[in-house]
Each structure stands twice: as C-alpha cells, then as structure tokens.
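Just add 10 to wherever you are in the sequence shown, counting from 1, and you've got this note's numbering.
Virtual Cβ for every residue (Gly too), placed ideally from N, Cα, C.
On a predicted model such as this, the values are computed, not experimentally measured, just so you know.
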Amino acid sequence: LPGIGSQRMMAAGYGYGGEGDWKTSAMVHVMKVMANGMKGGNSFMEDYTYHFDPKNPMVLGSHMLEICPSIADGQVKCEVHPLGIGGKEDPVRLVFNGSAGPALNVSLIDIGNRFRMIVNEVEAVEVTQEFPKLPTARALWKPQPSMEIGLQSWILAGGAHHTVYSQNLTTEYLEDLTDMLGIELVVIDKSTTIRQLKSDLRMNEVIFK
C-alpha cells in the first residue's frame with residue numbers, strides 16, 4: 011500500500027507498518043490512541059540515512075512513501091514521482107517536513123521469550139535543506155544523549171529499523187504502558203551511558219526470565 015493510501019490511513023488513526031511489520035503497525039495505532047486530543051502526531055518511521063558531520067550529526071528519518079502527515083510542519087504537498095521498485099505506476103504521495111521539538115523513537119521487538127520496548131528520546135530540528143532527490147516526507151533529529159552513544163545503544167538493545175515516531179508522548183507514557191503489559195522497557199535518553207546500558211540489559215535478562 012504505497013504512498014497516499016497508507017498516509018491517509020495513519021492520519022485517520024489506523025496503524026501501519028511497512029513490509030509486513032505488524033509490531034510497528036500495532037504500536038502506531040496504540041500510540042495514536044494514547045495521544046488522542048494532544049497536539050502533534052505519531053507516525054511510522056525509520057532511520058533513513060545518517061548525516062555524520064562531526065560538528066552537527068543528525069538522523070534523516072523517512073520511509074519510501076509512508077510517513078503520517080500528523081507530524082507535518084507547514085504545508086503538505088501532494089506530488090507524483092516515479093518509484094523504481096514494485097512495478098507500479100508513479101505513486102501519489104504527501105510530501106512535507108516534520109516539525110522541530112522533543113520527540114521519541116519507539117521500537118517493539120520480539121527477543122524470543124518476551125517483548126522489549128526500546129525508547130530513544132530525540133530532539134527534532136527544523137528542516138531547512140531542500141531534498142530534490144528525496145521526494146518523500148521526512149524529519150530530522152538528534153538522538154539523545156549523542157549521535158554516537160544513541161546509535162550504539164540502539165544497536166546493543168536490539169532496536170529495529172522500523173519505529174514509531176512520536177511528537178506528543180513522553181517516555182513516562184510508554185513506561186506506564188510497559189508496566190501494565192509486563193513488557194521490558196529500555197530507555198535511551200540524555201543520561202544514558204554505554205556501561206550502564208550494558209549493565210541494565212544483563213540485569214533484565216535475569217528479571218524477565
């Protein structure tokens with residue numbers, strides 16, 4: 011379901027996860043329900059690529075065509091461009107930039123004997139560049155506590171490449187949810203260190219057996 015169909019479904023509150031990702035699809039819907047009536051949005055997302063400028067590193071978040079317009083900042087454009095895979099006619103998609111401000115990236119993974127939810131607190135920044143070769147919706151952010159530690163922590167915790175991107179929920183909301191469901195929670199925030207994260211992951215292996 012490429013492009014505008016998935017985008018409009020998410021805008022209406024439905025869950026969506028690309029490539030059959032049912033866990034992310036479920037989390038998109040759950041987090042939209044949790045944030046009902048709040049300013050800002052929740053969307054299917056992935057780390058599309060990385061800007062490794064030593065002085066100003068950032069993550070470019072996007073997906074092929076399926077980002078929810080609830081996170082948009084300013085004008086949302088309806089555009090048609092070729093798509094090199096899928097064998098379909100040129101798909102219609104909504105193109106926009108995500109707004110700046112604090113946000114979360116949330117990943118729900120299955121590690122065999124339990125589910126683990128990984129939450130990375132990020133700071134979204136205003137998109138000022140033009141992306142003529144990326145005619146899709148996108149957002150830019152800086153992961154906490156830093157690019158290096160944030161990405162390393164995500165890998166160590168087993169974070170997936172698909173996430174739910176939230177502008178209006180805080181870590182406390184997800185902590186309440188995991189407490190209610192009995193799901194392991196791993197938080198990557200401004201106080202995270204690699205040493206402490208490794209220790210927490212080892213401890214969780216004992217607690218959640």
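For residue j and residue i, the rounded distance between their alpha carbons
| i | j | result |
| --- | --- | --- |
| E89 | V216 | 51 Å |
| I121 | I159 | 22 Å |
| N123 | K219 | 7 Å |
| W164 | F106 | 27 Å |
| D100 | P12 | 10 Å |
| A36 | T173 | 11 Å |
| L195 | E185 | 7 Å |
| M74 | R205 | 35 Å |
| K208 | D199 | 14 Å |
Identity of the residue in the options nearest residue i by Cα
| i | options | result |
| --- | --- | --- |
| G71 | L150, V132, G51 | L150 |
| N52 | E140, A21, Y58 | A21 |
| G84 | M44, S109, Q162 | S109 |
| F54 | M68, V196, I204, S176 | S176 |
| E29 | A170, D189, M213 | A170 |
Residue i (DSSP reduced to helix, strand or coil)
| i | result |
| --- | --- |
| V40 | helix |
| K208 | helix |
| L166 | helix |
| S109 | coil |
Residue span of the alpha helix (DSSP H) that contains residue i, given as start and end
| i | result |
| --- | --- |
| T203 | Careful: T203 lies outside any alpha helix (DSSP H) and carries neither H nor E. |
| M190 | 181 to 191 |
Delimiting residues of the beta strand (DSSP E) encompassing residue i
| i | result |
| --- | --- |
| D57 | 52 to 61 |
| R18 | It is not in any beta strand (DSSP E) - R18 instead sits in the alpha helix (DSSP H) that spans 14 to 21. |
Buried or exposed (CB count within 10 angstroms, at least 16 for buried), residue i
| i | result |
| --- | --- |
| E231 | Because the chain spans 11 through 219 in this model, residue 231 falls outside it and cannot be assessed. |
| K87 | exposed |
| F141 | exposed |
| P92 | exposed |
| D31 | buried |
| L191 | exposed |
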